[in-house]
Structures are given as C-alpha cells and as structure tokens.
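Participant:
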Amino acid sequence: MLKKRLIGVITIRHGWSVQSFGYNRYLPLGKPEVLIENLDRWGADEILVQCVDRSKYDLGPDFELLRRIGTLGLSTPLIYAGGIRHATDAVFAVSLGADRVSVDAMLWDSPHMLEILSRELGTQAIIANMPVRQHNHMLYWLNYRFGHERILDASLLSVLPLEWVSEVMLTDWSHEGMAGGYDYQIPLCFPLTDKPLLLFGGLTETTQFQRLLSLTNVVGAGVGNFLCYKEHAIQQIKQNVVGVPMRAAHYAEDKYIL
Amino acid sequence: MIRKTIGIVDYGVGNHASVQRAFQALGYRCWISRDSDVLADSDVIVLPGVGAYPSAMSALHTNGLVKFLRDQVRLGQPMIGLCLGMQLLADESHEHEITAGLGLIPGKVVPLESAYWHIGWNTIEIVNGDKLLIPSDGESVYFNHSYVFKVPKEYQICISRLDKPFTVGVRRGNVVGLQFHPEKSQSAGRIILKNLVEGLNRA
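Read top to bottom, the protein sequences are chains A and B. With the numbering used here applied, the first sequence covers 1044 to 1301. With the numbering used here applied, the second sequence covers 46 to 248.
(1) Buried or exposed for Q69(B), please, with buried defined as at least 16 other CB atoms from any protein chain shown within 10 angstroms of its CB.
(2) Going along chain B, which residues have a C-beta under 9 Å from D1132(A)?
(3) Identify whether E1210(A) lies in helix, strand or coil by the three-state DSSP scheme.
(4) How is the alpha helix (DSSP H) around A97(B) delimited, first residue to last?
(5) Considering just the uninterrupted stretch of the beta strand (DSSP E) at E1089(A), what are its terminal residues?
(6) Listed from N- to C-terminal order along the chain, which residues in the region 153 to 169 of chain B have their beta-carbon within a distance smaller than 8 Å of any beta-carbon of chain A?
(7) Using a Cβ cut-off of 7 Å, pull out every chain A residue sitting near A62(B), in sequence order please.
(8) What are the start and end residues of the alpha helix (DSSP H) that includes P1174(A)?
(9) Any C-beta of chain A within less than 9 Å: which residues of the region 184 to 195 of chain B qualify?
(10) Using the C-alpha atoms, what's the distance from R1110(A) back to A1197(A)?
(11) Please confirm whether G96(B) has its beta-carbon closer than 7 Å to some beta-carbon of chain A.
(12) Here's the rule: buried if 16 or more other CB atoms are within 10 angstroms of the residue's CB, otherwise exposed. What is G1220(A)?
(13) Say whether the region 1171 to 1179 of chain A touches the region 1141 to 1159 of chain A, bearing in mind that this needs 3 or more beta-carbon pairs closer than 8 Å, one atom from each stretch.
(14) Apart from the five residues just before and just after D182(B), which ones in its own chain have a Cβ nearer than 6 Å to its Cβ?
(15) Quick check: the Cα distance between E199(B) and K153(B), rounded to an integer number of angstroms?
(16) When the Cα of A1130(A) is compared with those of E1163(A), D1101(A), H1057(A), F1064(A), which residue comes out closest?
(17) Report the partner residues of E1192(A) according to the DSSP bridge assignment.
(18) Taking Q1167(A) as the query, report the chain B residues whose CB atoms sit under 7 Å from its CB, ordered along the chain.
(19) Does any residue of chain B bring its CB to less than 7 Å from the CB of D1088(A)?
(20) Identify which residue in G222(B), V215(B), V220(B) has its Cα closest to the Cα of N173(B).
(21) L1164(A) touches chain B at which residues, Cβ-Cβ below 8 Å?
(22) Can you list, in chain order, the residues of the region 1188 to 1218 of chain A whose Cβ is nearer than 8 Å to any Cβ on chain B?
(23) When the distance is taken between beta carbons, is R1084(A) closer than 7 Å to Y1069(A)?
(24) DSSP puts V1335(A) in a beta bridge; with which residues?
(25) From L1301(A) to Q231(B), what distance separates their C-alpha atoms?
(26) When you compare the CB positions of Y1225(A) and G1244(A), do they come within less than 7 Å of one another, or not?
(27) Measuring only the C-alpha atoms, how far is I77(B) from P1154(A)?
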C-alpha cells in the first residue's frame, strides 16, 4: 500500500537555513547541511529544500548548495525548490542529486515551461507549490515576490497547465511557523479534487496530521520549523497518527552512529 | 578481500551522484563513466536514469552505449537498471511516443493503469522466489514514476500494488531491473543493492 509521506522542509535564505514565519520573518538556524543530515538520519520520507530568495532576486537555483548536499550521500529522496527558470535548471538540479523539483514563480511567469520540464524529467518529478490563504471558502493565491494575490478558483486553474505537475503543495503561508495553524479548509477549497496534494505551513499537532492525512487526495504533509528542535519528532508523529498508512519511522542506524 | 567495482553508466540523464554515493556507502568502488573499457572492467554495470524515455534512449545512442550494453549482457556481465534504467531494458516504451529500448528483457513500457503516478513509499512483494530479493519481501521502498514495465511473468521478480498489482522488479539471468530507487530507500534500499551486487556474478 502506498504510504502517506511526512516531508521534512528546510527553508533557506541567503544560504542559511532559517525558521520562517508567515513568509516575512526569519530566524537563522545554521548550516543547511546539518539539518538535512538530521532529517536523513531521523527517517523522514522526503526532504524538501526550498531556497526562498532565489526567484525573488532572480538568482537561479542554488547549484552550489545542491553540490554540497550531494556530497552528503543522502539516502532520503530530495525535493529541490528555488529559482528554477527552465528545463535546463531542473535537469541540472536532478543531476546534482535532487529527485524532484518544486516550482512556484514559474507558475506566474512562464507556466508553459511546465510541459517542457515534464518532457525532460517526467511529470512525476514536478511539484507546483502554491502559497494560499482561505477566506470565506475561497482560496487566495499569493505571488510572494510582489505581495499580490489572485483568487484561486476553477477558472484560473483551467488556464494553468497543472496536468504537467504530479502534485500540488498547498502552503498556508499566513499560518506558516504558527503551531497548529494550518487552515483545515484549504485542501477542501482547492477545486482540483483529483490532484494529489501536499500540505505545508503550521502543521505541528498529531490531530492535524491525523485529520488532514486522512483526506483521500492529501498524500503528504510538510513540517519545517517544528522538526528543528525535536530530535524524535518524526518518530512521534508517525507513531501517534493512527489509521493512516505511513511508513514506520526508521532511524538510519546503518549509516549514522547513534 | 577484493572490493567489487560498480560501473555507473553516465549518459547525461539521471542522478548518478546519488547512485554512486549509495554504492560507496556499501564499500564498493564506483566509476561513473561512458567509456566502454571502464564499464566493461567493472563487476556490475548500473544503469540509472531519471526523466523521459525518448531522451534517455537518444542519449544512450548519442554516447554509443546501446550496442555496448547489449554486448556486455551477451557476455554475461551483470547489469542493474534503476527506475528509468529498468525501463530502458525493455523492447519498447510508449512514453510520449513509441521508442525502441535496449531489448534486454522482453516487454514494453506503458502508462500505469491504476493512477497517473506512483510516487512515494510502497511495499514490494517478491514473486517467483528470487533469492536475491527474498530478504526484502514486504519492505517499503521509494517510487517516483508514471510508466511501468509490462513483462511476461517469467521475468517478473517483484511487484507492488495500487488498485492493481504491477511489475516493479524484473530479471533475466544476470540482468536485473528495479522500478524503485534503492539508493533513496534508506536502509531497505541499501540491503537490496548489497544483495544484488553480491549475488550477481559474471557468467
């Protein structure tokens, strides 16, 4: 049986991993490689590395970071996000060790690129990240670089070529960094009911994982800030969520000395 | 004890670095190369791959590796195909267009029936009693694909399930293909890689 995934999310700004709050306030945590190794050791199902400044300042992907991550020899699947402009960027990111890529700014700037990415890497390797908030059962999609929003309804989705992405990550940006903050209405208000969803932003509590991962089209949950200070958080979440197919939490005992 | 050597086929498609580090972590010597002499000298050839089938086969042709890989299999050199690398072992693929494959294991690559994609951790079931994979029966491993290798049952060694079962492991003599990513399947994947490298021997 296909398992629901617990994804460790590492947010990187100016080359440093940070705690992020509501897409506008950041606290430094340290070297990304250390946090990535921790997630690999603790048995996360996937690791998402998102560089939040790369598209904003038109820097392209952080290939140097990916090279450094590559030397770690991770045994956990890696998703890279940040600054991907075209298929060449995405293919190079994969060659450096990313298993999948996630795009956000591309959805605003050049959505037609999704098809080209898909033809190079396969649709399964492409994730669309959409920062959203919910108000009156309507989703508002944030262009974080410019701070403006659009209503994310069926008519907008009909012109976005999301058939070229395998999963959509619905990030509750306004509750990001807030314990227990994820808005339960967000996945319910997303018009594409058959698109597999990943959720991120303010997911900390067992009751949240239990409720949200029980939704048929929710295939994974991302946890960022809240894994940083709890060494056994992945194990605890997996053990406490019942009735949801999840892989047992394994420490990488054969790779790291515990 | 002499360490076995792994020749990872570099044809510009895929995640060679991840595959290399997984084998190195197991204690093997690894070469990433498109040089036929280097690859022929290794104990096991590993054909990785991420991406779309037509561009992968095109890259193998461009690098002059198609005939070489077929010849090495005929000579009995062990080969492991991973993910797209497994699908390349087939006769043909229907991804985007019909593309001829390496033709090392009979069958064709077609879209998944049960879903658009198969992404994440899923359980594998070993079939036909393949001794190299039996220790991994019931383990969860990482998948990331949308096409599957439709193969005659005699070549099937491993299946997984969504609504319906489908092939995720194939074998014909010394040629093994795995649809999942053992290099990204944590300890479960490393056990599989070790068992394959130790169990496959030159004919």
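C-beta atoms are modelled at their ideal positions from N, C-alpha and C, and glycine is treated no differently.
Facilitator: For this structure:
(1) exposed
(2) Correct list: empty, because the minimum Cβ distance to chain B is about 14 Å.
(3) strand
(4) Premise fails: A97(B) is in no alpha helix (DSSP H) and is neither H nor E.
(5) 1089 to 1094
(6) Y161, W162, H163, I164, G165, W166, N167, T168
(7) G1113, L1139, G1140
(8) Element bounds for P1174(A): not the alpha helix (DSSP H) but the beta strand (DSSP E), 1169 to 1178.
(9) S185, Y187, F188, N189, H190, S191, Y192
(10) 39 Å
(11) yes
(12) buried
(13) yes
(14) I171
(15) 14 Å
(16) E1163(A)
(17) L1185(A)
(18) W162, I164, N189, H190, S191
(19) yes
(20) V215(B)
(21) V95, G96, A97
(22) S1209, E1210
(23) no
(24) Given a span of 1044 to 1301 for chain A in the structure shown, any question on residue 1335(A) remains unanswerable.
(25) With a pLDDT of only 42 at L1301(A), under the threshold of 50, the placement of this residue in the model should not be trusted; the figure read from the coordinates follows. Each residue's alpha carbon lies about 16 Å from the other.
(26) yes
(27) 35 Å
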